[in-house]
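Engineer: Under numbering that gives the first Met the number 0, the first residue of the sequence shown is numbered 0, with each subsequent residue one higher. Structure in structure tokens, see below.
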Amino acid sequence: MRYGLGAASLGWLARKGFGAGPVRPACVGAAGPSWLRSNPLLGLSPHPQSQSIAGMPFPTWFTGDDFGNDGIPFHFVTDWFKGGSPPEADESVQVAVVGGGLSGLATAYLLRDLHPVLFEVRDRVGGNAMGEVWRGLPYSLGSAYVISPDKGSFLEKLYGELGLDRVVRVSYPPDPVEIFGKITDDFWSGSSRPKDEQLAFTRYAEVVAFMADKGYPDIPLPDDSEEVKRIHALDRMTFRENVEKQMGMAMPPFLAAAVQGYFYSSFGAPMEDISAASGWNFVAAEEYGRWVFPGGNSYMAWALWKKISEGNWGVPPECRPHPIRCQSQVVDVRSVGERVQVSYFDPNRQLRSLMADSVVMAGSKHICKHVLHDLANWDRDKYEAIHQIWTAAYVVVNVLLDAPIARDFYDCFLLGDESFPMDSNAFEARPIVVDMLRGDFALRRPAPRSVLTLYWPLPWASARFTLLLDEPYRHYAELAVPQIRKMLKLLDVSESTVEQVRISRWGHALPLARPNLIADGICDAVRRPLDGRIYFVNQDNWSLPAVENSLLEARTVAEMIKARG
């Protein structure tokens, strides 16, 4: 099933407000106007203002985690109440959702009958599924695609409700690979490699096919206890240990490099650090194809945002509160009697509180552990489990090209030569982009311009500090320029067509799917509700950087909250 988005559809998107400026109602309401600007897609000027760095045009700062380095939330924990208590609640709701990424948006959508309010610290929702639109081309700042959903599944139904099935283009394996300065479409067959390596490529393909057809590990875990035992056994091994055991041989260097590039890009870590259960949950699923939307997963964020906001575009004051509260930083969540108190700074930096019957913590656990009041004494097991969820940083570079890319591809992995960095120390010594995507892949029609999206993992322990110190923006811009020039040459695109290079940084975006987190019950403790009123929805519930996990966890929690009544 392959669908394109033609030129006529771009007009439809504009009419629907995709990436457009906010529709302003006659009355905003006391909750403030921030929700009007909360669209996860930001429209850019046709010719955005730039500065020159190493001979290429860049903006002056990051997108994504674009906070000033001294203003990143919870890098410094403050006594918000100055030794006192939270302010008295001035509002009461049934459900409060803390976090406006895909996890929070999906939860709010599934609980829309309970009129939830959603808090987001940024001025836009979407999290790392935010996007931008430049001269009619939507593209993602982070999260890029989902796996093709199973027929009749919850995910297929949800995607249909959001209209995603009408704009999707499906990308099927195998992906092209750059090697020795040339792009090849048949790398994964092994036919271009020496005969003594070809058997390993064949065996790897057979193992992948088996895991896709018969050995796929479902995460979240299924109800079948025997299947859970099998997945736990996989979780106790690393991906490399398991795949080479099934192959009956070691991977030769270039096959290992290609698989490593995938793991860097998808997990933010080498395959030697990733659970076999989590690794196969990704690798095997890709055999069934990837759903790519205009703007990547920012299209999903936009569709959810629009559904949640429907009916509120012209709300009079008596119909408040609006469900989306951007520029609102939640700083404290605690049980008070039979309810939950949520304290937050509103867009005017006024400290306020509300009371909720249920609260959904939809942000990353490294934030939750600071927001949940006195968590170490409240639930010590959860507190300790959350500290076992580690995260990796990454960077996304979007190159806006005032010219088309002739080659029709979705993802191309960049192996280079024998010097591909195979472990974290080697990567720190030579931080490189590992794959490039057509940011405009889903717009299947001739176009006069393109967006080239580069995924840049930072898989070493201290990497996120390089995003904060010593002019980090210029540092990464200067590292990016020679790599961009190489990629433009590969694609036969002139450097003179580069309108701007935009860098998004994500400091804690990828939960690391380390071995034993599932088998040892760490994930169970992380995702377990608190006091039967505070719930958790995020991809890091299973320490797995998968959009599907966010959506499936949202369904589980929504059902639990509705069952409470």
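Beta carbons are placed, not taken as given, at the ideal position from N, Cα and C, and that holds for glycine.
With DSSP as the reference, please indicate the residues paired to N424 in a beta bridge.
Structural biologist: Counting from 1 along the sequence shown, the entry for residue 424 is found at position 425. In the DSSP output, where bridge partners are listed per residue, N424 has none listed.
Engineer: Based on DSSP bridge pairs, tell me the residues matched to F57.
Structural biologist: The residue you call residue 57 lines up with position 58 of the sequence shown. DSSP lists Q50 as partners of F57.
Engineer: With distances taken from CA atoms, which of L40, F238, F464 and M55 is nearest Y203?
Structural biologist: Here residue 203 is taken as the residue at index 204 of the sequence shown, counted from 1. Closest by alpha carbon: F238.
Engineer: Can you grab the Cα-Cα spacing for the pair D122 / S152, in whole Å?
Structural biologist: The sequence position of residue 122 within the sequence shown is 123, counting from 1. The sequence position of residue 152 within the sequence shown is 153, counting from 1. Whole-angstrom Cα-Cα distance: 33 angstroms.
Engineer: Is the beta carbon of V398 less than 9 angstroms from the beta carbon of V500?
Structural biologist: Numbered from 1 along the sequence shown, position 399 holds the residue referred to as residue 398. Numbered from 1 along the sequence shown, position 501 holds the residue referred to as residue 500. Taking 9 angstroms as the Cβ cut-off, V398 and V500 qualify as a contacting pair.
Engineer: Any idea if T201 is buried or exposed, counting beta-carbon neighbours within 10 angstroms, 16 or more meaning buried?
Structural biologist: Walking along the sequence shown from the start, residue 201 turns up at place 202. T201 comes out exposed.
Engineer: Is it buried or exposed for Q538, if we count other Cβ within 10 angstroms and need 16 for buried?
Structural biologist: Numbered from 1 along the sequence shown, position 539 holds the residue referred to as residue 538. Result: buried.
Engineer: Going by DSSP, what residue range makes up the alpha helix (DSSP H) through L457?
Structural biologist: Taking the sequence shown and counting its residues from 1, one reaches residue 457 at position 458. No alpha helix (DSSP H) contains L457, which is instead part of the beta strand (DSSP E) from S449 to L457.
Engineer: Among S334, D422 and L453, which residue has its Cα nearest to the Cα of W459?
Structural biologist: By one-based count along the sequence shown, residue 459 stands at place 460. Among S334, D422 and L453, the Cα nearest to that of W459 is on D422.
Engineer: State the DSSP-derived secondary structure class of A276, mapped to helix, strand or coil.
Structural biologist: Position 277 of the sequence shown holds residue 276. Looking at A276 - three-state DSSP - the assignment turns out to be helix.
Engineer: Given a cut-off of 9 angstroms on the beta-carbon distance, is the pair G260 and P137 in contact?
Structural biologist: The count along the sequence shown starts at 1 and reaches residue 260 at position 261. The count along the sequence shown starts at 1 and reaches residue 137 at position 138. No; because the gap between Cβ atoms is not below 9 angstroms, this pair is not in contact.
Engineer: Along the chain, where does the alpha helix (DSSP H) that runs through T555 open and close?
Structural biologist: Walking along the sequence shown from the start, residue 555 turns up at place 556. Element bounds for T555: V546 to R563.
Engineer: Apart from the five residues on each side of it in sequence, which residues of its chain come closer than 6 angstroms, Cβ to Cβ, to M360?
Structural biologist: Here residue 360 refers to the residue found at position 361 when the sequence shown is read from its first residue. V97, C367 and F535, listed in sequence order.
Engineer: Which of helix, strand or coil does DSSP assign to G415?
Structural biologist: Here residue 415 is taken as the residue at index 416 of the sequence shown, counted from 1. If DSSP states are grouped into helix, strand and coil, G415 belongs with the strands.
Engineer: In this structure, what does DSSP give as the bridge partners for M354?
Structural biologist: By one-based count along the sequence shown, residue 354 stands at place 355. In DSSP, M354 forms a bridge with S91 and Q340.
Engineer: Looking at the unbroken alpha helix (DSSP H) that takes in G159, where does it start and where does it end?
Structural biologist: What you label residue 159 is simply residue 160 of the sequence shown in a count that begins at 1. That run of the alpha helix (DSSP H) goes F153 to E160.
Engineer: Per DSSP, W505 is paired with what?
Structural biologist: Numbered from 1 along the sequence shown, position 506 holds the residue referred to as residue 505. According to DSSP, which records beta bridges pairwise, W505 is partnered with Y393.
Engineer: Would you kindly report the start and end of the unbroken alpha helix (DSSP H) that includes L303?
Structural biologist: As a working mapping, residue 303 is identified with position 304 in the sequence shown. Residues S297 to S308.
Engineer: Along the chain, where does the alpha helix (DSSP H) containing Q326 start, and where does it finish?
Structural biologist: By 1-based counting over the sequence shown, the position of residue 326 is 327. No alpha helix (DSSP H) holds Q326; DSSP gives it neither H nor E.
Engineer: With DSSP as the reference, identify every bridge partner of G63, one or two as the case may be.
Structural biologist: Against the sequence shown, residue 63 aligns to sequence position 64. Answer is R504.
Engineer: At what residue ranges does the stretch 227–297 contain a whole run of the alpha helix (DSSP H), taking only runs of 4 or more?
Structural biologist: Counting whole runs of 4 or more residues, the stretch 227–297 contains the alpha helix (DSSP H) stretches 238–246, 252–266 and 275–282.
Engineer: What residue from L104, A479, L254 and V396 has the CA that sits closest to E119's CA?
Structural biologist: Numbered from 1 along the sequence shown, position 120 holds the residue referred to as residue 119. Closest option to E119, Cα to Cα, is L104.
Engineer: Checking the sheet assignment: what are the DSSP bridge partners for E131?
Structural biologist: Walking along the sequence shown from the start, residue 131 turns up at place 132. Beta-bridge pairing links E131 to L41 and Y138.
Engineer: Please state the DSSP three-state secondary structure of L490.
Structural biologist: Looking up residue 490 in the sequence shown gives position 491. Correct three-state label for L490: coil.
Engineer: By DSSP, does L374 sit in helix, in strand, or in coil?
Structural biologist: What you label residue 374 is simply residue 375 of the sequence shown in a count that begins at 1. Three-state DSSP puts L374 in a helix.
Engineer: Would you please state the rounded distance, in angstroms, between the beta carbons of Q93 and S357? I believe it to be under 8 angstroms.
Structural biologist: Counted from its first residue, the sequence shown places residue 93 at position 94. Counted from its first residue, the sequence shown places residue 357 at position 358. Contact flag correct, Cβ pair sits at about 7 angstroms.
Engineer: Is the beta carbon of P219 less than 9 angstroms from the beta carbon of L551?
Structural biologist: Against the sequence shown, residue 219 aligns to sequence position 220. Against the sequence shown, residue 551 aligns to sequence position 552. Against a cut-off of 9 angstroms, the Cβ pair of L551 and P219 comes out as a contact.
Engineer: Label S418 either buried or exposed according to how many other C-beta atoms from any shown protein chain fall within 10 Å of its C-beta, with 16 as the threshold for buried.
Structural biologist: Residue 418 sits at position 419 when you count from the first residue of the sequence shown. It is exposed - the Cβ of S418 has fewer than 16 other Cβ atoms within 10 Å.
Engineer: Mapping the DSSP letters down to three states, classify Y382 as helix, strand or coil.
Structural biologist: Working through the sequence shown from its first residue, we reach residue 382 at position 383. Residue state, collapsed to three classes: helix.
Engineer: Measuring CA to CA, which of D378, W290, F426 and C522 is closest to G162?
Structural biologist: Position 163 of the sequence shown, counted from the first residue, corresponds to residue 162. Among D378, W290, F426 and C522, the Cα nearest to that of G162 belongs to W290.
Engineer: Quick check on the DSSP output: the beta strand (DSSP E) that includes V176 runs from which residue to which?
Structural biologist: Within the sequence shown, residue 176 is the residue found at index 177, counting from 1. That run of the beta strand (DSSP E) goes V176 to I178.
Engineer: Can you list, in chain order, the residues of its chain with a C-beta nearer than 7 angstroms to that of C522? Leave out the 5 residues immediately preceding and following it.
Structural biologist: Along the sequence shown, read from residue 1 onward, the residue named residue 522 stands at position 523. Result list for C522: L516, N540, W541 and S542, in chain order.
Engineer: Pop quiz: Y409 and D174 are said to be a contact at Cβ under 8 angstroms. What is the actual Cβ separation, rounded to whole angstroms?
Structural biologist: Along the sequence shown, one-based indexing puts residue 409 at 410. Along the sequence shown, one-based indexing puts residue 174 at 175. Rounded, the Cβ-Cβ distance is 7 angstroms, consistent with contact.
Engineer: Look at the alpha carbon of T77 and the alpha carbon of V370, and state the distance between them as a whole number of angstroms.
Structural biologist: Position 78 of the sequence shown, counting from 1, holds the residue named residue 77. Position 371 of the sequence shown, counting from 1, holds the residue named residue 370. Using only the alpha carbons, I get a separation of about 11 angstroms.
Engineer: Please tell me whether S142 and N127 are closer than 9 angstroms, where the distance is taken between their beta carbons.
Structural biologist: Along the sequence shown, one-based indexing puts residue 142 at 143. Along the sequence shown, one-based indexing puts residue 127 at 128. Going by C-beta atoms, S142 is nearer than 9 angstroms to N127.
Engineer: Residues in its own chain within less than 7 angstroms of D217 by CB, not counting five upstream and five downstream?
Structural biologist: Here residue 217 refers to the residue found at position 218 when the sequence shown is read from its first residue. Answer for D217: no residue qualifies.
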